[in-house]
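Undergrad:
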Amino acid sequence: MDYPDSILAYLLDRLHPVYFLIDDQGTILSWGGALDDYRIPAPQKGMRIGDLLFFVEGLLPMPDNHLVLECVEWRDGIVVDVHLFRDAGRLWLLLTDAGPKAQYQRRVQQQANAMQLLGDAHPPTPAAHMFKDATRGLLDIDVRQGAQRRTLSILFASIRRFTWFCEHASPADGFDTLNAYLAAMIEPVLEYSGIVDKIVGGGVMAVFGLLPSDGASAALAVAAAKAVIEKTRVEAENRRQTGNLPLTVGIGIATGPVVWGMIGSQHRKTMSVTGRPVNLAAHLAHQAAGQELLIDRTTWQVLPANGLAFTARRLTPRGMDRPITAYSWTMMHEN
């Protein structure tokens, strides 16, 4: 289909596209467009696209002929739409400017925050932090589109020894303690533009990158995790001073491509995410000590100066054959 030159000029002027021709293994064959506008380093022929653009890792080989990731946080506040598609047997990666769209979604998020403040006047319950029909409408998330693939950061926070505690505490004490710790875990998630996906026992799973924000999803997840550790440290100290058993929280974060959408039966459906980062984040949280944050390498690479406050650790998560390098942070790293 032929388009008038004025139409093409209009689109090029507003979308500022960047393109890469790659093979199925992600090797760059050629490139062009407004690389400087997105502060993309000069590529070299033969290098891997994942080494140049971290958010492409895990998308190849592409299972379909067309894949779109919307509003991906790149760097320095730059937001792009990512298009992967085949044409005449060739695989193309196209980046277009999503800044105006992201700004609009931020305004929508402010409305959602206002709704959250109204809800704060009522006693918090786990259901109050799940995906709501009203919130979905405000965030313009079209659940009818089915499953989508996105690069997100997944956070798991788990209370250490909570099962043992519940077996020895009275039901009232166990319930009150759980509510206090859940509040300390959920509030930082919401503060840093995360969404609580589920609450299971003494643990919380949260997702970062679905809501528009001013930072990369990995950096927001790490900031939220540090705030959780601080809030639960205060809660543990208060319990110690009153003669109660202090409980601690271990946290795991992993970043990468996941599938998110509606799951369930015709009787009950909910929004959720699945994929390797979800399992990895859960395994990292399981291996984290009390008041420790463990993150995977992808998350660590996105942090400023590659997360200098973190210490590398070799560990083998459950279900994996080989050890991986994870990165540990505790409050001692900040002192």
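If you want my numbering, it's the 1-based position in the sequence shown plus 38. By construction, the Cβ of each residue, glycine as well, lies at the ideal position given by its N, Cα and C atoms. Fair warning: this is a prediction, and the values are worked out from it, not measured in the lab.
With a threshold of 7 angstroms on Cβ separation, who are the neighbours of residue 44 within its own chain once the five nearest residues in sequence on each side are excluded?
TA: Within the same chain, no residue comes within 7 angstroms of residue 44 by CB-CB distance, once the 5 residues on both sides are set aside.
Undergrad: Around the C-beta of residue 7, are 16 or more other C-beta atoms found within 10 angstroms, so that it is buried, or is it exposed?
TA: Not covered by the structure: residue 7. The range shown for the chain is 39 to 373.
Undergrad: Use the C-beta contact count for residue 273: other C-beta atoms within 10 angstroms, 16 or more gives buried, fewer gives exposed.
TA: So residue 273 ends up on the buried side.
Undergrad: Do the CB positions of residue 369 and residue 267 come within less than 8 angstroms of each other?
TA: The Cβ atoms of residue 369 and residue 267 lie closer than 8 angstroms to each other.
Undergrad: Can you list, in chain order, the residues of its chain with a C-beta nearer than 8 angstroms to that of residue 278? Leave out the 5 residues immediately preceding and following it.
TA: 284
Undergrad: Report the start-end ranges of each beta strand (DSSP E) in the segment 326-367 that is 3 residues or longer and not cut off at the edges.
TA: 330-333, 349-353
Undergrad: Any idea if residue 363 is buried or exposed, counting beta-carbon neighbours within 10 angstroms, 16 or more meaning buried?
TA: exposed
Undergrad: Counting C-beta neighbours from all protein chains within 10 Å, is the total for residue 130 16 or more, i.e. buried, or is it exposed?
TA: Exposed: under 16 other Cβ atoms inside 10 Å.
Undergrad: State the DSSP-derived secondary structure class of residue 292, mapped to helix, strand or coil.
TA: strand
Undergrad: Do residue 78 and residue 60 count as a contact pair if the criterion is CB distance below 8 angstroms?
TA: Not a contact, by the Cβ cut-off of 8 angstroms.
Undergrad: Run through DSSP, which three-state label would residue 219 get?
TA: Of the three classes helix, strand and coil, the one that applies to residue 219 here is helix, per DSSP.
Undergrad: How many Å lie between residue 275 and residue 197 at the Cα?
TA: 15 angstroms
Undergrad: Leaving out the 5 sequence neighbours to the left and right, which residues in its chain are closer than 6 angstroms to residue 332 when beta-carbon positions are compared?
TA: 290, 322, 326, 364, 366
Undergrad: Can you tell me whether DSSP reads residue 63 as helix, strand or coil?
TA: Coil at residue 63, not helix or strand.
Undergrad: Give me, in chain order, the residues of the same chain whose beta-carbon lies closer than 7 angstroms to that of residue 350; leave out the 5 immediate sequence neighbours on both sides.
TA: Cβ within range, chain order: 363, 365.
Undergrad: For residue 212, I'd like the list of residues in its chain whose CB is within less than 6 angstroms of its CB, leaving aside the five on either flank, ordered along the chain.
TA: 204
Undergrad: What residue range is occupied by the uninterrupted beta strand (DSSP E) comprising residue 128?
TA: 128-135
Undergrad: Please determine, among 118, 208, 42, 238, the residue with the shortest C-alpha to C-alpha distance to residue 194.
TA: Per the Cα distances, 238.
Undergrad: For residue 100 and residue 108, what's the separation of their Cα atoms in angstroms?
TA: Computed Cα separation, rounded: 16 angstroms.
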